[in-house]
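Asks: Below are the structure tokens for one structure; questions will follow.
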Amino acid sequence: MTPTPELRDELERATRDEEWYLVYQPEIDLHYGSFVGVEALLRWRHPRRGVLYPADFLPILKETGRLTEVGRWVLASACYQGSEWHAKGYRFSVSVNISSNELDDATFTDVVRANLRASRFSPRHLTLEFSLDALTPSRVEAMRQLAEIGITLALDDVIPGTPSVSTLVAAGITEAKLERQLVSNTLADAESSQALHSFVSDARAAGVRIVASGVEDDTQRATLQREDVDSAQGFFFARPFEVEEVDRFLEDYALFSGRPL
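Residue numbering for the sequence shown follows numbering that gives the first Met the number 0, beginning at 0 and increasing consecutively.
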């Protein structure tokens with residue numbers, strides 16, 4: 000898509016008029032039922048078109064060179080929100096998706112440090128989530144620097160064996176998020192189930208957590224639990240919430256699960 004002058008104006012207005020906002024999707028431990036954390040997801044509250052999702056605007060942000068700018072806003076907002084939750088006594092992680100454009104910025108590690116200091120959010124409660132194209136030598140070096148701060152690094156859309164567990168460990172990655180379709184395939188395909196079982200076993204031995212996304216029913220949950228997947232997110236557990244809804248969800252979850260957060 001070639002950005003038109005009108006579209007460029009809309010993107011500028013989105014930042015100026017605070018049309019960007021975050022929703023947070025809970026992640027639940029599959030074995031203990033405890034609340035693990037939330038993933039921050041970007042939305043655009045467009046004045047004419049309503050709520051827009053990343054697939055609607057991320058390519059445009061990249062084409063117009065605004066992806067890093069908006070990504071920094073997401074990181075800062077998520078850190079401050081995480082700090083607010085921790086001030087209320089909640090101790091869970093906040094996960095933020097990071098584009099390879101951001102990772103290519105030589106100042107990115109300093110930007111992350113500055114946001115953690117400004118928000119007083121602990122690095123051990125921040126997870127930065129990357130896509131597979133982050134596994135290039137220069138980007139891996141940047142990721143290792145982030146891991147040295149104490150931040151958890153996660154890789155998204157992982158298929159068992161691609162990449163290997165040893166590749167994840169070499170990059171400082173300690174969390175692998177399974178590709179969404181894999182959840183469905185594991186139920187229908189014995190070969191997929193065996194591949195997942197082997198991958199989870201190798202990952203556990205190397206200290207890498209496995210997270211499933213897109214879990215939609217109890218059958219999927221039970222299968223993933225049986226395969227020893229650590230935690231999961233999806234509509235079966237909870238849809239993405241705005242901040243006020245997260246607070247209510249936390250209160251209700253603690254009340255009905257009987258588990259501290």
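Glycine included, each C-beta is placed from N, C-alpha and C at the ideal position.
Could you check which residue in Asp201, Asp188, Glu38, Asp8 has the C-alpha nearest to that of Gly160?
Replies: Locating residue 160 in the sequence shown gives position 161, counting from the first residue. Taking only the C-alpha atoms, the option nearest Gly160 is Asp201.
Asks: On the three-state DSSP scale, how would you describe His196?
Replies: Along the sequence shown, read from residue 1 onward, the residue named residue 196 stands at position 197. Correct three-state label for His196: helix.
Asks: State the beta-bridge partners of Ser129 as determined by DSSP.
Replies: Numbered from 1 along the sequence shown, position 130 holds the residue referred to as residue 129. Reading off the sequence, residue 129 comes out as Phe, not Ser. DSSP output for Phe129 lists Leu154 as bridge partner(s).
Asks: Kindly identify the DSSP beta-bridge partner or partners of Trp19.
Replies: In the sequence shown, the residue the question calls residue 19 occupies position 20. Answer is Trp43, bridged to Trp19.
Asks: Out of curiosity, what's the CA-to-CA distance linking Leu115 and Arg247?
Replies: What you label residue 115 is simply residue 116 of the sequence shown in a count that begins at 1. What you label residue 247 is simply residue 248 of the sequence shown in a count that begins at 1. Leu115 and Arg247: Cα-Cα distance of roughly 26 Å.
Asks: Could you pull out every residue in the same chain whose Cβ sits closer than 6 Å to the Cβ of Gly70, ignoring the five residues on either side in sequence?
Replies: Position 71 of the sequence shown, counted from the first residue, corresponds to residue 70. Excluding residues within five positions, the ones whose Cβ falls inside 6 Å are Ser98, Glu101.
Asks: For Thr222, collect the residues of the same chain with a Cβ closer than 7 Å to its Cβ; drop the 5 residues on either side in sequence, then sort them by chain order.
Replies: Looking up residue 222 in the sequence shown gives position 223. Here the set comprises Thr185, Leu186.
Asks: Give the straight-line distance between the Cα atoms of Glu147 and Pro46, rounded to the nearest whole angstrom.
Replies: For the purposes of this step, residue 147 is identified with residue 148 of the sequence shown, where counting begins at 1. For the purposes of this step, residue 46 is identified with residue 47 of the sequence shown, where counting begins at 1. Taking the straight line joining both Cα atoms gives about 42 Å.
Asks: With DSSP as the reference, label Val35 as helix, strand or coil.
Replies: As a first step, residue 35 must be located in the sequence shown, where it is residue number 36. If DSSP states are grouped into helix, strand and coil, Val35 belongs with the strands.
Asks: Sort out for me which residues DSSP pairs Thr161 with in a bridge.
Replies: Counted from its first residue, the sequence shown places residue 161 at position 162. Paired residues: Ile158.
Asks: How would you write the range of the beta strand (DSSP E) that Val139 sits in, first residue to last?
Replies: The residue you call residue 139 lines up with position 140 of the sequence shown. From DSSP, Val139 is part of no beta strand (DSSP E) but of the alpha helix (DSSP H) over 136-148.
Asks: Taking the alpha carbon of Ser212 as the point to measure from, which residue in Val182, Arg42, Ser33, Thr166 has its own alpha carbon closest?
Replies: On the sequence shown, residue 212 is found 213 positions in, with the first residue counted as 1. Closest option to Ser212, Cα to Cα, is Val182.
Asks: Just how far apart, CA to CA, sit Ser165 and Glu174?
Replies: Within the sequence shown, numbered from 1, the residue matching residue 165 stands at position 166. Within the sequence shown, numbered from 1, the residue matching residue 174 stands at position 175. Rounded to whole angstroms, Ser165 to Glu174 spans 13 Å at the Cα level.
Asks: Alpha carbon to alpha carbon, how far is Asp229 from Leu6?
Replies: Working through the sequence shown from its first residue, we reach residue 229 at position 230. Working through the sequence shown from its first residue, we reach residue 6 at position 7. When rounded, the distance between both Cα atoms is 42 Å.
Asks: In whole angstroms, what separates the C-alpha of Ser130 from that of Tyr23?
Replies: Position 131 of the sequence shown, counting from 1, holds the residue named residue 130. Position 24 of the sequence shown, counting from 1, holds the residue named residue 23. Cα to Cα, the separation comes out at about 19 Å.
Asks: Within 10 Å of its beta-carbon, does Glu38 have 16 or more other beta-carbons around it, so buried, or fewer, so exposed?
Replies: Indexing the sequence shown from 1 puts residue 38 at position 39. Buried.
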